[in-house]
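Residue numbers (our numbering): 2 to 402. Notes to accompany the following structure.
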């Protein structure tokens, strides 16, 4: 079982601060309560293309693109980026409640042909009713997962290449068909920590994703989903979503984390915690519980830092340390059964180079990576910074989903 490395496309914008610019759009949180953000990079196609090309050069297999009203549409953005890359795959996040399952199956098939087989799907059921209502979706939390279950059953049925009928609580399909099924079939990624989410993963998905919790808690999730899948006669693979702050020394990495923390004033943290605390997502509540809104004891497990989650929704932890230490932690998660590592950093362009030129060779040297097209080789580092990063990696690293 090899390690699969993926990066992230910040289609909601990037920057040099941990302040998540879209996390405050709910719950009456006013934007004038947010620390002013400097160094913001708009998610224009030219900047996103830089990140996609860098990820491809550095040997990442795919990039995750988020979904929501705060970011660019994932389907349209990534199919554009597929035209300026060659091997990179796109892990496209989408919400099943806002699109027909037959149309989604057709879109995926078309995407595979346009991109020559580079689509992966990340199904986001949605843990925030306020966000879902913006899309016209008024179902409650558990019913959304029940609908996702039906949705994925229809998608797989329609991909069979023959007319497909389905009659459920949420969908009624007669003769659903994708005349030219996708080849290969896109792998389906999915995350959810609630009791309602587990059976959906066990019955339908290829890769179950968890946010970056301590290893013992991740193992409990793996055992839970694996047990449910066995009852369905299936096997499920596993992935984890983490940020990274990797440097030539542990001291440098933790200094960077410290500067990110120093950039946050108490009012900004309080506003974020108020907004995030209203989420119905069990996974989000587990993220919040790792730090309890406090700046104290943010290293919740060796090299696992919960500081990101003070102000950012979703993935709230980062691997922090020297390149070897970050590789150690990845190897530890891998030993539990994690294959897919979906990573990000701030800003995403520079941090891709820190990881790709620092940690990736460590993992390759340990025999954890599949043989494949080589990333950039033989480029010496200068002044302790990745030489191929535009302008060198900056001192302060921060930013997006």
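Here a beta-carbon is modelled for each residue, glycine too, at the ideal position from N, C-alpha and C.
Reduced DSSP secondary structure (H/G/I, E/B, other) of residue i
i: residue 11; result: coil
i: residue 220; result: helix
i: residue 155; result: helix
i: residue 312; result: coil
i: residue 209; result: strand
i: residue 189; result: strand
i: residue 379; result: Any reading at residue 379 must be qualified, since the residue scores a pLDDT of 42, below 50, and its modelled position is unreliable; no value is offered.
i: residue 298; result: coil
i: residue 41; result: coil
i: residue 162; result: coil
i: residue 90; result: strand
i: residue 277; result: helix
i: residue 319; result: strand
i: residue 284; result: helix
i: residue 29; result: Because the pLDDT of residue 29 is 32, which lies under 50, any placement of that residue in the model is unreliable, and the question is left without a value.
i: residue 291; result: coil
i: residue 262; result: helix
i: residue 267; result: helix
i: residue 204; result: helix
i: residue 70; result: coil
i: residue 196; result: coil
i: residue 228; result: helix
i: residue 36; result: With a pLDDT of 45 at residue 36, under the threshold of 50, the modelled position of this residue cannot be trusted, and the question is left open.
i: residue 235; result: coil
Residue of the options minimising C-alpha distance to residue i
i: residue 336; options: 216, 58, 92; result: 216
i: residue 261; options: 319, 350, 209; result: 319
i: residue 273; options: 219, 82, 303, 310; result: 310
i: residue 173; options: 154, 53, 257; result: 154
i: residue 307; options: 15, 19, 99, 7; result: 19
i: residue 41; options: 13, 50, 53; result: 13
i: residue 175; options: 359, 294, 102, 76; result: 102
i: residue 264; options: 287, 312, 280; result: 312
i: residue 291; options: 187, 181, 123, 218; result: 218
i: residue 266; options: 294, 249, 50; result: 294
i: residue 88; options: 60, 68, 9; result: 60
i: residue 221; options: 194, 358, 276, 9; result: 194
i: residue 327; options: 247, 317, 224; result: 247
i: residue 94; options: 16, 9, 166; result: 9
i: residue 126; options: 281, 299, 358; result: 281
i: residue 129; options: 315, 358, 345; result: 315
i: residue 171; options: 136, 140, 184, 187; result: 140
i: residue 86; options: 287, 55, 108; result: 55
Span of the beta strand (DSSP E), counted from its first residue to its last, around residue i
i: residue 165; result: 165-168
i: residue 179; result: From DSSP, residue 179 is part of no beta strand (DSSP E); its letter is neither H nor E.
i: residue 121; result: 120-124
i: residue 246; result: 238-248
i: residue 64; result: 63-66
Minimum Cβ-Cβ distance from residue i to chain D less than 8 angstroms
i: residue 149; result: Given the protein chain composition of this structure (a single chain), no chain D is represented.
Own chain residues within Cβ distance below 6 angstroms of residue i, not counting five before or after
i: residue 178; result: 164
i: residue 157; result: none
i: residue 322; result: 251, 254, 304
i: residue 390; result: Note that residue 390 has pLDDT 40, beneath the 50 cutoff, so the model's placement of it is unreliable and no number is given.
i: residue 197; result: 143, 146
i: residue 204; result: 233
i: residue 169; result: 151
i: residue 159; result: 103, 106, 165, 177, 179
i: residue 118; result: 185
i: residue 192; result: 210
Contacts around residue i, its chain only, beta-carbon distance under 7 angstroms, and the 5 residues preceding and following it disregarded
i: residue 331; result: 4, 342, 364
i: residue 115; result: 80, 83
i: residue 1; result: This structure cannot settle anything about residue 1, because the visible part of the chain is limited to 2 through 402.
Span of the alpha helix (DSSP H), counted from its first residue to its last, around residue i
i: residue 56; result: 46-58
i: residue 324; result: 324-337
i: residue 356; result: 349-366
i: residue 115; result: 102-116
i: residue 133; result: 130-135
i: residue 140; result: Residue 140 -> no alpha helix (DSSP H), and no H or E assigned at all.
i: residue 369; result: No alpha helix (DSSP H) holds residue 369; DSSP gives it neither H nor E.
i: residue 75; result: 75-82
DSSP bridge partner residues for residue i (one or two, in chain order)
i: residue 5; result: 341
i: residue 306; result: 300, 319
i: residue 95; result: 124
i: residue 174; result: 167
Contacts around residue i, its chain only, beta-carbon distance under 8 angstroms, and the 5 residues preceding and following it disregarded
i: residue 340; result: 2, 3, 4, 5, 208, 238, 239, 240
i: residue 226; result: 199, 202, 203, 209, 237, 239
i: residue 92; result: 7, 63, 64, 65, 66, 121, 122, 123, 190, 343
i: residue 361; result: 6, 59, 60, 370, 376
i: residue 334; result: 216, 219, 241, 342
i: residue 161; result: 182
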